[in-house]
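A.B. asks: Pasting in a structure now, in structure tokens, and then I'll have a few things to ask.
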Amino acid sequence: MATILVVDDSASMRQMVEFTLKEAGHQVMVAEDGQAALNVAKGASANLVITDVNMPNMDGITLIRELRTLPAYKFTPILTLTTESTTEKKMEGKDAGATGWIVKPFNPEKLLATVNKVLG
Amino acid sequence: MAIDIGQFVQTFFEESFEGLDVMEAGLLALEPGVTTDLEKINTIFRAAHSIKGGGGTFGFKDVTDFTHLMETLLDGMREGRLSVTSEAVDALLQSVDCLREMLIAARENIPVEPEQVRALRARLSRLLNQQPAQNRAENTPSPTVAPASAPQAAGWRIQFRPHPQLMHSGNDPVRMFRELTELGKLTVRADASRLPKLADLRPEDSYLSWELELSGDATRDAVAEVFAWVEGDCDLNIEPLAAEAAPGVRAEPAPPAAPPGAEAGPKTGEEGRQGELLLERRKGEDRRRGDRRVNVAASDSASIRVGIDKVDAVINLVGELVTTQSMLSALGEDFDMSRLDKLHEALDQLDRNTRDLQEHVMRIRMLPVSSVFSRFPRMVHDVSAKLGKQVELQINGEQTELDKTVIEKIGDPLVHLIRNSLDHGLEPPDERARAGKPETGVIRLDAYHKSGSIFIEVGDDGRGLNREALLRKGLQEGLLRPGEEYSDEQIYDLIFHPGLSTAKQVSDVSGRGVGMDVVRSNIQDVGGSIQIASHPGQGTRITISLPLTLAILDGQLVSVGEDCYIIPLLSIIESVQVRADAVNRVAGKGEVFRFRGQPLPILRLYELFDTEGAVSDLEQGLLVVVEADGRQVGLFVDDLEGQQQVSIKSLEKNFRQVSGVAGATILGDGRVGLILDISGLIRVNNVAL
Chain A
1 MATILVVDDS
11 ASMRQMVEFT
21 LKEAGHQVMV
31 AEDGQAALNV
41 AKGASANLVI
51 TDVNMPNMDG
61 ITLIRELRTL
71 PAYKFTPILT
81 LTTESTTEKK
91 MEGKDAGATG
101 WIVKPFNPEK
111 LLATVNKVLG
Chain B
1001 MAIDIGQFVQ
1011 TFFEESFEGL
1021 DVMEAGLLAL
1031 EPGVTTDLEK
1041 INTIFRAAHS
1051 IKGGGGTFGF
1061 KDVTDFTHLM
1071 ETLLDGMREG
1081 RLSVTSEAVD
1091 ALLQSVDCLR
1101 EMLIAARENI
1111 PVEPEQVRAL
1121 RARLSRLLNQ
1131 QPAQNRAENT
1141 PSPTVAPASA
1151 PQAAGWRIQF
1161 RPHPQLMHSG
1171 NDPVRMFREL
1181 TELGKLTVRA
1191 DASRLPKLAD
1201 LRPEDSYLSW
1211 ELELSGDATR
1221 DAVAEVFAWV
1231 EGDCDLNIEP
1241 LAAEAAPGVR
1251 AEPAPPAAPP
1261 GAEAGPKTGE
1271 EGRQGELLLE
1281 RRKGEDRRRG
1291 DRRVNVAASD
1301 SASIRVGIDK
1311 VDAVINLVGE
1321 LVTTQSMLSA
1331 LGEDFDMSRL
1341 DKLHEALDQL
1351 DRNTRDLQEH
1361 VMRIRMLPVS
1371 SVFSRFPRMV
1381 HDVSAKLGKQ
1391 VELQINGEQT
1401 ELDKTVIEKI
1411 GDPLVHLIRN
1421 SLDHGLEPPD
1431 ERARAGKPET
1441 GVIRLDAYHK
1451 SGSIFIEVGD
1461 DGRGLNREAL
1471 LRKGLQEGLL
1481 RPGEEYSDEQ
1491 IYDLIFHPGL
1501 STAKQVSDVS
1511 GRGVGMDVVR
1521 SNIQDVGGSI
1531 QIASHPGQGT
1541 RITISLPLTL
1551 AILDGQLVSV
1561 GEDCYIIPLL
1571 SIIESVQVRA
1581 DAVNRVAGKG
1591 EVFRFRGQPL
1601 PILRLYELFD
1611 TEGAVSDLEQ
1621 GLLVVVEADG
1631 RQVGLFVDDL
1641 EGQQQVSIKS
1651 LEKNFRQVSG
1661 VAGATILGDG
1671 RVGLILDISG
1681 LIRVNNVAL
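Those protein sequences? They're chains A and B, same order as listed.
The working numbering puts the first residue of the first sequence at 1, with every later residue one more than the last.
The working numbering puts the first residue of the second sequence at 1001, with every later residue one more than the last.
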């Protein structure tokens, strides 16, 4: 069981990811944009961060950069939720310090498989 | 583990419709030719992006494909590759409409017009192709099924040499090796030759490199996929193991199918299956394609989104109510007269709690009028373009809250009023210029709260109503009598008369004569009233007043014989006793009495409702002066009883509709009281002066 921070401005996506991870026995913290996520991260540590890229207030790329400056999140795996069309976004995420990505659309099985791969 | 994501589909629809509103508002705010509105374009892009992502996840492939085109176009604008032309904005606005239809169709499980979708897709593609190379590639969705490379019997030799910073991104070679073991039998050989002296070792960096041998029938793509996240952070070389495998490496029996997620392969298959599952789920509510608007309204009324603060307030008040209740129980256990004060105190508190609770529960049903107002910028944009007029729409007070039922009922009347202003009220630019006015006309939409009612005003700075034409028409139709003097108000009021329009020609924007009477009756249906003010050359302002809520009414109880009637407090002006000599009988108009210098008709309630035992001598009873739609009458009653809030029960649902009666309520003593519908009473009894 791990603690996972899920960041997405879309409520349905957030709910789906949260539900799936909780069903798998993980503890989930949610935030609806980068700024909110950063505030959560400053108060609690996580074993994994899953974040959308396109968000208001603070986008996912900036969030990753900010998280990597926090000692507690320096090596924490961070996955971006991204669509296939935005290949450059994948790399942008990587350049900012993301561990990897989950390509949208995804289903709960694929999400859990990727999460398990990262958490080991 | 099977996880049902169907439960989140409703949320997806809700947020998508909100997203569409955001896109529409954003598109309307874009100024063609200006690409510096980066944040605006970004906001529109994000909304499109979310719909696209959700559409894919929840199995609405047509939504995803369509949104992809919009998103690509927006992305081009965002990055300055494509210019923000009014043509592009227009196409995107139409795409927003189309997408809304598609989402409604998906939700209701009805088919969409394929022609419309195709036409818009073509239009978007055309816009995209004006900047060819980059976009065309993105246009055709890349095939999601990777060509499967032929399985290799022997396996793969992998040289993996991480760059020092590989682990800085949270990646870990051990994790990748673990994943490889799921693809086959793995032999790992580490090369520690780059390892520095302990003093020089930075624990965050990678120094080791590996040579791996994976036997089994995994494809090259599957192996490469394991290293996808560290591409660029390492030197990687994957080559097939020679068929005559190195000693010690045996061909293993094929491992069970690769775990889902390890491969980007059979995605389309999965998506299709999800789509089928969702369709399966929705089959039960297979609705025929009918009036979509009705469907939308019906499903909207099924649920309401309430801010958590409102719910918390109610819970808080229930807590107080429970405290009061236990206080009263304690008092009741051994009560004697010495504790009467305490009882009064507790009852007062109960009274307060009940009132607060009622108020807060009502508030749950309240929505900001912005939910209605938000559609007008688009409408004004479209209609003014069609009419060739320049219009600025000013909206104020959109956070004013109104009962959900009222909100649903005022949309259409407001549409009609605004269309009227656009079509008939505002002049074309050249006419305005001639009249010395700015070429851009202004339509104002204001909502505000005043003395227990909500007011919505629709105003324009156009030419104003044509008093002469209305007067002529009124005389022609026999609504006015020749030779009499009429106030402006009485003349302007004629526009609410069925079948009366002075528009010289019928336009497809606001039509002829049908409408304003419907507007008034719609407003009256929700207990509101409508008033008009106009000044030639300066414009017209229509004011709608609406009750805060439909479920509770502040009423004045009046007795008539044995019965009790309730008059809405808001419609009462004054209660007076009349002397017989102040009353005149006017032929054809019944009785009138003089009130503040004006003759007012008298309606005897006991006659209207055929009540027995009522006071019939005018001097013995009371006249309650009431007003509706700008007209006043005196209602004759026996006496006034108390004032109280009554909860309105529908007479229509429990009995049948009775004109002049808005509903019924159960009084404190168990009697049923009828709530009077003043404007209905005036209308039915045709007491015009």
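Note that beta-carbon positions come from the ideal geometry of N, C-alpha and C, so glycine has one too.
Only a predicted model underlies this, so the values are computations on that prediction, with no experimental measurement involved.
(1) Whole-angstrom Cβ separation of B/Leu1605 and B/Val1637, contact assumed at under 8 Å?
(2) What residues in the stretch 23-41 of chain A have a beta carbon less than 9 Å from any beta carbon of chain B?
(3) Around the C-beta of B/Tyr1448, are 16 or more other C-beta atoms found within 10 angstroms, so that it is buried, or is it exposed?
(4) Out of B/Ser1050, B/Leu1027, B/Leu1475, B/His1049, which has the shortest C-alpha to C-alpha gap to B/Lys1040?
(5) Check whether the stretch 1207-1224 of chain B and the stretch 1158-1165 of chain B touch, using three or more Cβ-Cβ pairs below 8 Å as the test.
(6) Report the rounded CA-to-CA distance for A/Ile102 versus B/Leu1201, giving the unit in angstroms.
(7) Quick one: is B/Phe1335 buried, meaning 16 or more other Cβ sit within 10 Å of its Cβ, or exposed?
(8) Just the C-alpha distance for B/Gly1261 and A/Thr80, rounded to the nearest angstrom, thanks.
(9) Quick check on A/Val7 - is its C-beta less than 8 Å from some C-beta in chain D?
(10) Is the stretch 1594-1610 of chain B touching the stretch 1628-1644 of chain B in the sense that three or more CB pairs, one from each, lie closer than 8 Å?
(11) Can you round the beta-carbon distance between B/Ala1190 and B/Leu1127 to whole angstroms, since I take them to be within the 8 Å contact cut?
(12) Just how far apart, CA to CA, sit B/Glu1252 and B/Phe1177?
(13) List the residues of chain A that B/Trp1229 touches, going by C-beta distances under 7 Å, in chain order.
(14) Quick check: what's the CA-CA separation for B/Asp1639 versus B/Asp1610?
(15) I'd like the span of the alpha helix (DSSP H) that includes B/Asp1351, first residue to last.
(16) Looking at C-beta atoms only, is the number of pairs between the stretch 1370-1390 of chain B and the stretch 1337-1355 of chain B that lie closer than 8 Å three or more?
(17) Per DSSP, what are the beta-bridge partners of B/Leu1603 in this structure?
(18) Going along the stretch 1079-1099 of chain B in order, which residues come within less than 7 Å of chain A, judged by CB to CB distance?
(19) By the DSSP assignment, the alpha helix (DSSP H) with B/Pro1173 in it spans what residues?
(20) Considering only the beta carbon of each residue, do B/Gly1539 and B/Gly1436 sit closer than 8 Å?
(21) Leaving out the 5 sequence neighbours to the left and right, which residues in its chain are closer than 6 Å to B/Ser1086 when beta-carbon positions are compared?
(22) Do you know offhand how far B/Thr1043's Cα is from B/Gly1673's?
(23) What would DSSP say about B/Thr1187, mapped onto helix, strand or coil?
(24) What residues of chain B sit near A/Ala11, judged by a beta carbon separation below 9 Å?
(25) Is the CB-CB distance between B/Ala1492 and B/Ser1534 below 8 Å?
(26) Is it right to say B/Gly1642 is buried, meaning 16 or more other beta carbons lie within 10 angstroms of its own, or is it exposed?
(27) Could you confirm whether any beta carbon from chain A is found closer than 8 Å to the beta carbon of B/Arg1288?
(28) Using a Cβ-Cβ distance cut-off of 8 Å, determine whether B/Met1070 contacts chain A.
(29) Look up B/Gln1620 in the DSSP assignment and say whether it is helix, strand or coil.
(30) Please name the residues in the stretch 1173-1185 of chain B whose beta-carbon is closer than 8 Å to at least one beta-carbon of chain A, in chain order.
(31) Can you find a CB in chain B that lies within less than 8 Å of the CB of A/Met58?
(32) Can you confirm whether A/Glu61, when its beta carbon is compared against all beta carbons of chain B, has any partner nearer than 8 Å?
(33) Let me confirm a value: B/His1049 is counted as buried when at least 16 other C-beta atoms fall within 10 Å, else exposed. Which label applies?
(34) Assign B/Ala1246 to buried or exposed, taking buried as 16 or more other Cβ atoms, counted over all protein chains shown, within 10 Å of its Cβ.
(35) Does DSSP put B/Thr1405 in a helix, a strand or coil?
(36) Whole-angstrom Cβ separation of B/Glu1619 and B/Val1578, contact assumed at under 8 Å?
C.D. replies: For this structure:
(1) Looking up residue 1605 of chain B in the second sequence gives position 605. Looking up residue 1637 of chain B in the second sequence gives position 637. About 6 Å separates the two Cβ atoms, so the contact holds.
(2) Glu23, Ala24
(3) Start at 1 with the first residue of the second sequence, and residue 1448 of chain B comes out as number 448. Burial call: exposed.
(4) Against the second sequence, residue 1040 of chain B aligns to sequence position 40. B/Lys1040 has its Cα closest to that of B/Leu1027, out of B/Ser1050, B/Leu1027, B/Leu1475, B/His1049.
(5) yes
(6) By 1-based counting over the first sequence, the position of residue 102 of chain A is 102. By 1-based counting over the second sequence, the position of residue 1201 of chain B is 201. Taking the straight line from one Cα to the other gives about 33 Å.
(7) Residue mapping note: residue 1335 of chain B aligns to position 335 of the second sequence, counting from 1. Exposed is the call here.
(8) Position 261 of the second sequence, counted from the first residue, corresponds to residue 1261 of chain B. Position 80 of the first sequence, counted from the first residue, corresponds to residue 80 of chain A. Because B/Gly1261 sits at a pLDDT of 40, beneath the cut-off of 50, its placement in the model cannot be relied upon, and the following sentence gives the value as read from the coordinates. Roughly 15 Å separates the two Cα atoms.
(9) Protein chains in the displayed structure are A and B, and chain D is not among them.
(10) yes
(11) Sequence index remark: in the second sequence, residue 1190 of chain B carries index 190 (1-based). Sequence index remark: in the second sequence, residue 1127 of chain B carries index 127 (1-based). Their Cβ separation, rounded to whole angstroms, is 55 Å, which puts B/Ala1190 and B/Leu1127 out of contact at 8 Å.
(12) Along the second sequence, read from residue 1 onward, the residue named residue 1252 of chain B stands at position 252. Along the second sequence, read from residue 1 onward, the residue named residue 1177 of chain B stands at position 177. For B/Glu1252, the pLDDT reaches just 44, beneath the cut-off of 50, and the residue's location in the model is therefore unreliable, leaving the point undetermined.
(13) Locating residue 1229 of chain B in the second sequence gives position 229, where the first residue counts as 1. Under the 7 Å cutoff, chain A gives Thr99, Gly100.
(14) As a working mapping, residue 1639 of chain B is identified with position 639 in the second sequence. As a working mapping, residue 1610 of chain B is identified with position 610 in the second sequence. Distance between the alpha carbons of B/Asp1639 and B/Asp1610 is about 17 Å.
(15) Counting from one through the second sequence, the residue named residue 1351 of chain B turns up at place 351. From DSSP, the alpha helix (DSSP H) with B/Asp1351 extends over 1340-1364.
(16) no
(17) For the purposes of this step, residue 1603 of chain B is identified with residue 603 of the second sequence, where counting begins at 1. B/Leu1603 pairs with B/Leu1635.
(18) none
(19) Residue numbering aside, residue 1173 of chain B sits at position 173 when the second sequence is read from its first letter. From DSSP, the alpha helix (DSSP H) with B/Pro1173 extends over 1173-1181.
(20) Residue numbering aside, residue 1539 of chain B sits at position 539 when the second sequence is read from its first letter. Residue numbering aside, residue 1436 of chain B sits at position 436 when the second sequence is read from its first letter. Contact: no.
(21) For the purposes of this step, residue 1086 of chain B is identified with residue 86 of the second sequence, where counting begins at 1. The residues are Pro1032.
(22) Numbered from 1 along the second sequence, position 43 holds the residue referred to as residue 1043 of chain B. Numbered from 1 along the second sequence, position 673 holds the residue referred to as residue 1673 of chain B. Their Cα atoms are separated by approximately 54 Å.
(23) If you number the second sequence from 1, residue 1187 of chain B lands on position 187. Strand, per DSSP.
(24) In the first sequence, counting from the first residue as 1, residue 11 of chain A sits at position 11. Chain B residues near A/Ala11: Phe1008, Thr1011, Phe1012, Glu1014, Glu1015.
(25) Residue 1492 of chain B sits at position 492 when you count from the first residue of the second sequence. Residue 1534 of chain B sits at position 534 when you count from the first residue of the second sequence. Residue 1492 of chain B is actually Tyr in this sequence, not Ala. Result yes, Cβ atoms of B/Tyr1492 and B/Ser1534 sit closer than 8 Å.
(26) One-based indexing of the second sequence puts residue 1642 of chain B at position 642. Counting Cβ neighbours within 10 Å, B/Gly1642 comes out exposed, since fewer than 16 surround it.
(27) Taking the second sequence and counting its residues from 1, one reaches residue 1288 of chain B at position 288. Low confidence applies to B/Arg1288: its pLDDT is 37, below 50, so where it sits in the model is not reliable, and the reading given next is rough at best. Judged by the 8 Å Cβ criterion, B/Arg1288 is not in contact with chain A.
(28) Translated into positions along the second sequence, residue 1070 of chain B becomes position 70. B/Met1070 does not count as touching chain A.
(29) For the purposes of this step, residue 1620 of chain B is taken as residue 620 along the second sequence, with counting starting at 1. In the structure shown, B/Gln1620 sits in coil (DSSP, three-state: anything other than H, G, I, E or B).
(30) Val1174, Arg1175, Arg1178, Glu1179
(31) Start at 1 with the first residue of the first sequence, and residue 58 of chain A comes out as number 58. No, no contact with chain B.
(32) Locating residue 61 of chain A in the first sequence gives position 61, where the first residue counts as 1. The identity of residue 61 of chain A in the sequence shown is Ile, whereas the question assumes Glu. Closer than 8 Å: no.
(33) Along the second sequence, read from residue 1 onward, the residue named residue 1049 of chain B stands at position 49. Label assigned to B/His1049: buried.
(34) Here residue 1246 of chain B refers to the residue found at position 246 of the second sequence. Only weak support exists for where B/Ala1246 lies, its pLDDT of 43 falling under 50; the coordinates are left without a value.
(35) Residue 1405 of chain B sits at position 405 when you count from the first residue of the second sequence. Note: B/Thr1405 maps to helix in three-state DSSP.
(36) Your numbering for residue 1619 of chain B matches position 619 in the second sequence. Your numbering for residue 1578 of chain B matches position 578 in the second sequence. Between B/Val1578 and B/Glu1619 the Cβ distance is about 7 Å, and since that is below 8 Å, they are a contact.
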